[in-house]
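What follows is a short report on a single structure.
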Amino acid sequence: MSEQNRPDSGRVALITGASRGIGYGVAEALVARGDRVCITGRGEEALREAVERLGADRAIGVAGKAHDEAHQAAAVEATMDAFGRVDYLVNNAGTNPVFGPMAEVDLNVARKVYETNVLSALGFAQRTWKAWQAANGGAIVNIASVAGLSASPFIGAYGMSKAAMINLTAQLAHEFAPVVRVNAIAPAVVRTKFAEALYEGREAEAAAAYPMGRLGVPEDIGGAAEFLTSDKAGWITGQTLVVDGGIFLNAGIG
Numbered sequence: 000m001s002e003q004n005r006p007d008s009g010r011v012a013l014i015t016g017a018s019r020g021i022g023y024g025v026a027e028a029l030v031a032r033g034d035r036v037c038i039t040g041r042g043e044e045a046l047r048e049a050v051e052r053l054g055a056d057r058a059i060g061v062a063g064k065a066h067d068e069a070h071q072a073a074a075v076e077a078t079m080d081a082f083g084r085v086d087y088l089v090n091n092a093g094t095n096p097v098f099g100p101m102a103e104v105d106l107n108v109a110r111k112v113y114e115t116n117v118l119s120a121l122g123f124a125q126r127t128w129k130a131w132q133a134a135n136g137g138a139i140v141n142i143a144s145v146a147g148l149s150a151s152p153f154i155g156a157y158g159m160s161k162a163a164m165i166n167l168t169a170q171l172a173h174e175f176a177p178v179v180r181v182n183a184i185a186p187a188v189v190r191t192k193f194a195e196a197l198y199e200g201r202e203a204e205a206a207a208a209y210p211m212g213r214l215g216v217p218e219d220i221g222g223a224a225e226f227l228t229s230d231k232a233g234w235i236t237g238q239t240l241v242v243d244g245g246i247f248l249n250a251g252i253g
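Residues in the sequence shown are numbered consecutively from 0, following numbering that gives the first Met the number 0.
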């Protein structure tokens, strides 16, 4: 589609952790429907490449670490400066640097996981609320995980943080209503670099556990985020949409 024929919704989204993977899949979906986006990530080069693919007329990038409050402020300010509004916030930035039983988790590492996966989402939500959404409305989507809905052996610290994010979603939905809708998406394993350790070298085996017969792809989550930020979801708030290829039917995540 030529730039002249691309739709323009007039709306703007801030998407964290979006230079690749799920975050980029969300950005692609929102740009395709006509939104403009600000994407964040730690690597400046990766962000530049992502902005080029999305279209410099539709996207900007702000590099930084999600838990850094100065970065949060800079991302919201850059979005407002470039586009004059921030209708949607998608909290996708996350980390999972630990693999092992909870009895042996380094507490400093657990703090880092919680700070990046939960407190950064709260920080971005506070700032977008104050900058635009409180007066103008909008929607927030938090990218959680099925790991936050049940025990998840060896990624317990990550699951704990995602459970907190699901509760944060409910809390913000209650406090921000009726002006801003807040929902979460809980994916199972999605084929991204972030999740490689869960399927690398055994993808066919991992996919066989899913009733849908495959792992997720970023576009699956992008479609869900597109719906939850659309007017079609106008009476949905405080919910966690499980997007898992049916794996929860098997009482596990594969």
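Ideal Cβ positions, reconstructed from N, Cα and C, are used throughout, including at glycine.
Burial state of residue i, where buried means 16 or more other Cβ atoms lie within 10 Å
{"i": "Lys231", "result": "exposed"}
{"i": "Met0", "result": "No answer about Met0 holds up, because its pLDDT of 48 lies below 50 and its placement is not dependable."}
{"i": "Ile252", "result": "Only weak support is given to the placement of Ile252: the predicted model assigns it a pLDDT of 44, under 50, and the value that follows is read from those uncertain coordinates. The residue is buried, with at least 16 neighbouring Cβ atoms inside 10 Å."}
{"i": "Arg10", "result": "buried"}
{"i": "Glu44", "result": "exposed"}
{"i": "Leu240", "result": "buried"}
Top-ranked residue by Cα proximity to residue i, from the options
{"i": "Gly233", "options": "Arg201, Ala176, Val188", "result": "Ala176"}
{"i": "Arg188", "options": "Met79, Ala224, Ala146", "result": "The question names Arg, but residue 188 in the sequence shown is Val. Of the candidates Met79, Ala224, Ala146, the one whose C-alpha sits nearest the C-alpha of Val188 is Ala146."}
{"i": "Val104", "options": "Gly158, Gln132, Ile246, Thr127", "result": "Gly158"}
{"i": "Phe98", "options": "Ile139, Ala69, Pro152", "result": "Pro152"}
{"i": "Pro210", "options": "Phe247, Ala134, Glu225", "result": "Phe247"}
{"i": "Ala55", "options": "Asp34, Gln71, Pro100", "result": "Asp34"}
{"i": "Tyr244", "options": "Glu27, Val179, His66, Gly212", "result": "The amino acid occupying residue 244 in the given sequence is Gly; Tyr does not appear at that position. Closest option to Gly244, Cα to Cα, is Gly212."}
{"i": "Gln71", "options": "Ser119, Ala26, Gln238, Pro100", "result": "Ser119"}
{"i": "Asn95", "options": "Asn4, Glu225, Lys192, Ala172", "result": "Lys192"}
Extent of the continuous beta strand (DSSP E) run through residue i
{"i": "Arg47", "result": "Where Arg47 is concerned, there is no enclosing beta strand (DSSP E), although the alpha helix (DSSP H) it sits in stretches over 43-53."}
{"i": "Asn107", "result": "No beta strand (DSSP E) contains Asn107, which is instead part of the alpha helix (DSSP H) from 106-113."}
{"i": "Val89", "result": "87-90"}
{"i": "Ala58", "result": "58-62"}
Range covered by the alpha helix (DSSP H) that runs through residue i
{"i": "Gly237", "result": "No alpha helix (DSSP H) contains Gly237, which DSSP labels as neither H nor E."}
{"i": "Ala146", "result": "No alpha helix (DSSP H) contains Ala146, which DSSP labels as neither H nor E."}
{"i": "Glu103", "result": "Looking at the DSSP string, Glu103 is not in any alpha helix (DSSP H), and its letter there is neither H nor E."}
{"i": "Pro217", "result": "217-227"}
{"i": "Leu121", "result": "119-127"}
{"i": "Ala130", "result": "Here Ala130 belongs to no alpha helix (DSSP H), and DSSP marks it neither H nor E."}
{"i": "Ala72", "result": "68-82"}
Q. Can you list the beta strand (DSSP E) stretches of 3 or more residues lying completely in the segment 148-215, in chain order?
A. 179-186
Q.
Count Cβ pairs between the segment 54-63 and the segment 107-117 that sit closer than 8 Å; are there 3 or more?
A. no
Q: Specify whether the segment 200-215 and the segment 147-164 touch according to this definition: at least 3 beta carbon pairs, one from each stretch, less than 8 Å apart.
A: no
Q) Does the segment 9-20 come close enough to the segment 77-92 that 3 or more CB-CB pairs lie under 8 Å? A) yes
Q. Which full runs of the alpha helix (DSSP H) of 4+ residues lie inside the segment 12-40, going along the chain?
A. 20-31
Q) Per the contact definition of three or more C-beta pairs closer than 8 Å, is the segment 124-132 in contact with the segment 213-226? A) no
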